[in-house]
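A.B. asks:
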Amino acid sequence: MKDSKQHSLLSFALTLAFPLAMQAQRVLTLDSVRAMALAENKQLKSTILKQDVAVNTRKATRTKFLPKVDAVLGYEYFNREVSILNNGQKGALSNLGTNAVGGIGNSLNTLVTDLVGRGIVSPEAAQQMGVVFQNITAPLAEKGDQIGGTIRDAFRTDSRNMWAGAITLRQPIYMGGAITAANRIADINEQLVRNNIDLKTQETIYDIDHTYWLVVSLRQKHRLAESYLELVKKLDDDVHKMIDEGVATRADGLKVDVKVNEAEMQLTQAENGLSLSRMLLCQLCGLPLNESFTLADEESTASPTPSPQDEGLKMKDESINPSSLIPHPSSNSPLPVRAGCRSGEAAVRPEIRMLENAIDISRQTTKLIRAEYMPHVALTGGYLISNPNVFNGFERRFSGVWNVGVLVQVPVWNWFEGSYKVKASQTATSIAMMELTDAREKIELQVSQCQFKLNEAEKKLAMAQKNILSAEENLRCANVGFREGVMESTDVMAAQTAWQLAQTQRIDAEIELRLAQVNLKKALGTLYNEE
Numbered sequence: 009m010k011d012s013k014q015h016s017l018l019s020f021a022l023t024l025a026f027p028l029a030m031q032a033q034r035v036l037t038l039d040s041v042r043a044m045a046l047a048e049n050k051q052l053k054s055t056i057l058k059q060d061v062a063v064n065t066r067k068a069t070r071t072k073f074l075p076k077v078d079a080v081l082g083y084e085y086f087n088r089e090v091s092i093l094n095n096g097q098k099g100a101l102s103n104l105g106t107n108a109v110g111g112i113g114n115s116l117n118t119l120v121t122d123l124v125g126r127g128i129v130s131p132e133a134a135q136q137m138g139v140v141f142q143n144i145t146a147p148l149a150e151k152g153d154q155i156g157g158t159i160r161d162a163f164r165t166d167s168r169n170m171w172a173g174a175i176t177l178r179q180p181i182y183m184g185g186a187i188t189a190a191n192r193i194a195d196i197n198e199q200l201v202r203n204n205i206d207l208k209t210q211e212t213i214y215d216i217d218h219t220y221w222l223v224v225s226l227r228q229k230h231r232l233a234e235s236y237l238e239l240v241k242k243l244d245d246d247v248h249k250m251i252d253e254g255v256a257t258r259a260d261g262l263k264v265d266v267k268v269n270e271a272e273m274q275l276t277q278a279e280n281g282l283s284l285s286r287m288l289l290c291q292l293c294g295l296p297l298n299e300s301f302t303l304a305d306e307e308s309t310a311s312p313t314p315s316p317q318d319e320g321l322k323m324k325d326e327s328i329n330p331s332s333l334i335p336h337p338s339s340n341s342p343l344p345v346r347a348g349c350r351s352g353e354a355a356v357r358p359e360i361r362m363l364e365n366a367i368d369i370s371r372q373t374t375k376l377i378r379a380e381y382m383p384h385v386a387l388t389g390g391y392l393i394s395n396p397n398v399f400n401g402f403e404r405r406f407s408g409v410w411n412v413g414v415l416v417q418v419p420v421w422n423w424f425e426g427s428y429k430v431k432a433s434q435t436a437t438s439i440a441m442m443e444l445t446d447a448r449e450k451i452e453l454q455v456s457q458c459q460f461k462l463n464e465a466e467k468k469l470a471m472a473q474k475n476i477l478s479a480e481e482n483l484r485c486a487n488v489g490f491r492e493g494v495m496e497s498t499d500v501m502a503a504q505t506a507w508q509l510a511q512t513q514r515i516d517a518e519i520e521l522r523l524a525q526v527n528l529k530k531a532l533g534t535l536y537n538e539e
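Residue numbers (our numbering): 9 to 539.
Dropping the structure here:
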């Protein structure tokens with residue numbers, strides 16, 4: 009029973025240990041770390057999101073060619089209503105019968121008084137006529153007042169509660185070229201964002217390549233430090249044996265001990281540098297800082313050989329000129345959109361493409377400013393409803409009316425404001441073109457410098473490889489002479505130091521050649537999407 013439990017625990021432990029062992033043996037190639045770095049780079053992700061913004065902005069700008077339709081509905085309450093009649097007219101209508109009958113009564117009284125004065129009508133008859141007239145005119149006055157009130161009420165608008173609604177349509181016909189310029193700016197801005205993605209991608213690959221080869225370099229130096237420590241320890245052991253035999257002095261032993269301590273310190277420094285560089289590579293790739301991995305080129309001792317693409321980067325003859333790889337800005341058309349350099353295409357730096365995009369945007373901005381001071385023509389139309397109905401005596405019901413028109417806006421005088429703005433925009437375009445020319449010249453210089461660095465690195469590597477042969481032969485002779493007793497321990501230590509220096513120079517030359525290739529590809533704009 010006990011053996012069975014131990015067997016189960018052993019099986020469980022092996023089950024857990026196997027994935028960990030597989031993880032510890034994880035091998036990362038240059039392409040894999042590039043892919044992980046591109047997937048984890050926050051700035052690159054942010055730039056890709058900006059591309060979505062640019063695409064939606066372009067789509068929104070396209071809609072400026074189309075008609076716009078708006079609908080509005082509102083309600084307003086006013087404490088006073090709109091009055092068509094003034095207060096005097098309202099009072100006159102309210103007393104229409106009274107005023108009319110009163111005027112007739114005054115005229116009749118004047119006539120009767122005149123007749124009484126002439127003796128034609130007696131005062132008693134005149135009094136009776138007044139009573140009769142009053143009995144007749146009183147109902148007429150009341151009826152007239154009622155008719156006047158009805159007329160007055162008919163002129164009321166009852167506009168304290170106002171309901172209104174409208175549907176309007178606006179179709180631009182000619183805006184001075186502003187809509188076309190805005191759409192071209194949106195297109196160029198989308199190209200600019202794509203070129204910025206290309207730039208961020210190349211910068212990310214450039215950083216990860218440098219870190220990758222730094223780890224490879226430090227790993228080889230770590231192995232070299234271990235080999236050097238073994239050499240000096242072997243020498244230290246031999247010297248102490250010779251001291252015991254009396255053929256070497258204690259001073260010789262102390263010298264070798266110092267070398268052993270120096271070798272151990274160099275090994276410690278190499279271990280620390282390797283650990284930090286691995287942590288940096290993990291951080292760039294989005295891996296845990298304590299991730300265990302092995303780089304594919306870490307254990308390689310072969311010298312880097314140029315690939316066919318690298319051979320194509322060499323410009324030792326006059327058939328390839330760095331300036332031919334950098335296009336001059338076009339005077340009219342914007343730069344074509346390119347996500348990266350493909351085979352068969354001229355290499356173009358994303359910085360150059362972005363500067364050309366800036367020039368094109370500046371030109372379109374000038375057109376946009378000029379269009380602001382040109383005539384604008386638009387077609388308008390709509391349908392308006394209101395309650396009360398103003399088209400039928402302020403009737404309390406909804407009613408509407410159609411309308412169609414043409415709107416023309418012509419700037420007449422603005423004190424040369426438009427001319428000044430256009431000149432300022434044209435000057436900004438000239439500045440952008442000068443910046444592009446300056447960038448082209450600097451890139452030409454950078455390409456030439458990188459080519460010289462690549463040639464120097466190749467020569468330095470060849471010299472380092474020759475020095476290794478000499479240092480190895482020197483060390484072999486020193487060891488033989490030391491064993492034969494014709495050379496001292498200091499000669500062996502000097503040979504070991506020279507051998508370590510030659511090996512270090514070889515490692516540095518190999519990595520320098522790798523980085524020179526990376527720098528030249530970045531200078532030419534071919535670091536991303538290499539075929």
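Glycine is no exception: its CB is placed at the ideal position from the N, C-alpha and C atoms.
Predicted, not measured: the structure shown is a model, and the values here were computed from it.
Any contact of the segment 391 to 399 with the segment 167 to 182, i.e. 3+ C-beta pairs under 8 Å?
C.D. replies: The segment 391 to 399 vs the segment 167 to 182: in contact.
A.B. asks: Cutting at 6 Å between CB atoms, please list the residues of its own chain near Val-201, excluding the five before and the five after it.
C.D. replies: If we look at Val-201 and ignore the five residues flanking it on each side, its Cβ neighbours are Lys-58, Gln-59 and Ala-62.
A.B. asks: At a threshold of 7 Å, does Met-501 count as lining the ligand COA (C-beta to nearest heavy atom)?
C.D. replies: The ligand COA is absent from the structure shown, which contains no ligands of any kind.
A.B. asks: How long is the line joining the alpha carbons of Asn-422 and Leu-444, rounded to whole angstroms?
C.D. replies: Roughly 34 Å separates the two Cα atoms.
A.B. asks: Leaving out the 5 sequence neighbours to the left and right, which residues in its chain are closer than 6 Å to Thr-65 when beta-carbon positions are compared?
C.D. replies: Ala-194.
A.B. asks: So Ile-451 packs on Ala-524, CB below 8 Å; how close in whole Å?
C.D. replies: Not confirmed; about 17 Å, so no contact.
A.B. asks: Tell me whether Tyr-381 sits in a helix, a strand or coil according to DSSP, three-state version.
C.D. replies: The answer is coil: DSSP assigns Tyr-381 none of H, G, I, E or B.
A.B. asks: For the candidate residues Lys-76, Asn-411 and Arg-378, whose alpha-carbon lies nearest to that of Val-430?
C.D. replies: Checking every option, the nearest Cα to that of Val-430 belongs to Arg-378.
A.B. asks: Helix, strand or coil, according to DSSP, for Val-266 in the structure here?
C.D. replies: Helix.
A.B. asks: Using a Cβ-Cβ cut-off of 8 Å (strictly less than) and excluding sequence neighbours within five positions of Ser-433, which residues of its own chain qualify?
C.D. replies: Hits under 8 Å: Ser-370, Thr-373, Thr-374 and Ile-377.
A.B. asks: Output the boundary residues of the alpha helix (DSSP H) element that contains Asp-446.
C.D. replies: First-last of the alpha helix (DSSP H) with Asp-446: 425 to 492.
A.B. asks: To the nearest angstrom, how far is the alpha carbon of Glu-89 from that of Ala-190?
C.D. replies: In a straight line, the C-alpha of Glu-89 is about 48 Å away from that of Ala-190.
A.B. asks: On the CB-based measure, 16 or more other CB atoms within 10 Å of its CB, does Pro-358 come out buried or exposed?
C.D. replies: Pro-358 is buried by the Cβ-count criterion.
A.B. asks: With distances taken from CA atoms, which of Gln-473, Leu-521, Leu-535 and Ala-447 is nearest Glu-464?
C.D. replies: That would be Leu-521, whose Cα lies nearest to the Cα of Glu-464.
A.B. asks: Suppose you measure from the CA of Glu-84 to the CA of Thr-176; what does that come to, to the nearest Å?
C.D. replies: Near 20 Å, if we compare the C-alpha coordinates of Thr-176 and Glu-84.
A.B. asks: Identify which residue in Ser-456, Gln-277 and Arg-258 has its Cα closest to the Cα of Leu-226.
C.D. replies: Among Ser-456, Gln-277 and Arg-258, the Cα nearest to that of Leu-226 is on Gln-277.
A.B. asks: When you compare only the Cα positions, how much space is there between Gly-152 and Thr-388?
C.D. replies: Those two C-alpha atoms are separated by around 50 Å.
A.B. asks: Going by other Cβ atoms of all chains shown within 10 Å of its Cβ, with 16 needed for buried, is Glu-253 buried or exposed?
C.D. replies: With fewer than 16 Cβ atoms within 10 Å of its Cβ, Glu-253 is classed as exposed.
A.B. asks: Would DSSP call Trp-410 helix, strand or coil?
C.D. replies: If DSSP states are grouped into helix, strand and coil, Trp-410 belongs with the strands.
A.B. asks: To which residues does DSSP link Asn-395 through a beta bridge?
C.D. replies: In DSSP, Asn-395 forms a bridge with Trp-171.
A.B. asks: Can you tell me the Cα-Cα spacing of Arg-192 and Met-362, whole angstroms?
C.D. replies: Those two C-alpha atoms are separated by around 15 Å.
A.B. asks: Report the partner residues of Leu-415 according to the DSSP bridge assignment.
C.D. replies: The partner list for Leu-415 (beta bridge, DSSP) reads Ala-386.
A.B. asks: Give the range of the beta strand (DSSP E) segment to which Glu-518 is assigned.
C.D. replies: Taken as a continuous stretch (DSSP letters only), Glu-518 belongs to no beta strand (DSSP E), being part of the alpha helix (DSSP H) at 497 to 532.
A.B. asks: Taking the straight line between their C-alpha atoms, what separation do you get for Phe-406 and Asp-161?
C.D. replies: Approximately 21 Å between the Cα atoms of the pair.
A.B. asks: Inspect the beta-carbon positions of Ser-478 and Lys-263 and report whether they are closer than 8 Å.
C.D. replies: Going by C-beta atoms, Ser-478 is not nearer than 8 Å to Lys-263.
A.B. asks: Tyr-220 and Val-494: beta carbons closer than 8 Å?
C.D. replies: No, these two residues do not count as a Cβ contact at 8 Å.
A.B. asks: Do Tyr-214 and Ala-271 count as a contact pair if the criterion is CB distance below 8 Å?
C.D. replies: Cβ atoms of Ala-271 and Tyr-214: not closer than 8 Å.
A.B. asks: Run the CB neighbour count on Ile-515, radius 10 Å, all protein chains shown included, and call it buried at 16 or more, exposed below.
C.D. replies: Flag for Ile-515 reads buried.
A.B. asks: Would DSSP call Glu-403 helix, strand or coil?
C.D. replies: Of the three classes helix, strand and coil, the one that applies to Glu-403 here is strand, per DSSP.
A.B. asks: Can you tell which of Ala-517, Glu-492, Asn-475 and Phe-490 has its C-alpha closest to the C-alpha of Ala-506?
C.D. replies: The candidate whose alpha carbon is nearest that of Ala-506 is Asn-475.
A.B. asks: Note down the Cα distance separating Arg-70 from Ile-187, rounded to an integer number of angstroms.
C.D. replies: Roughly 8 Å separates the two Cα atoms.
A.B. asks: Using the Cβ count rule (16 or more neighbours within 10 Å means buried), how would you classify Ser-438?
C.D. replies: Ser-438 comes out exposed.
A.B. asks: Find out if the Cβ-Cβ distance for the pair Ile-367, Ala-447 is shorter than 8 Å.
C.D. replies: Going by C-beta atoms, Ile-367 is not nearer than 8 Å to Ala-447.
A.B. asks: Using a threshold of 8 Å, state whether the C-beta atoms of Ala-256 and Val-247 are closer than that.
C.D. replies: It is a contact, given that the beta carbons lie within the stated cut-off.
A.B. asks: Hey, quick one: how far does the alpha helix (DSSP H) through Tyr-236 stretch, first residue to last?
C.D. replies: Start and end: 186 to 253.
A.B. asks: In the structure shown, what three-state DSSP assignment does Leu-46 receive?
C.D. replies: DSSP places Leu-46 in helix when its eight states are reduced to three.
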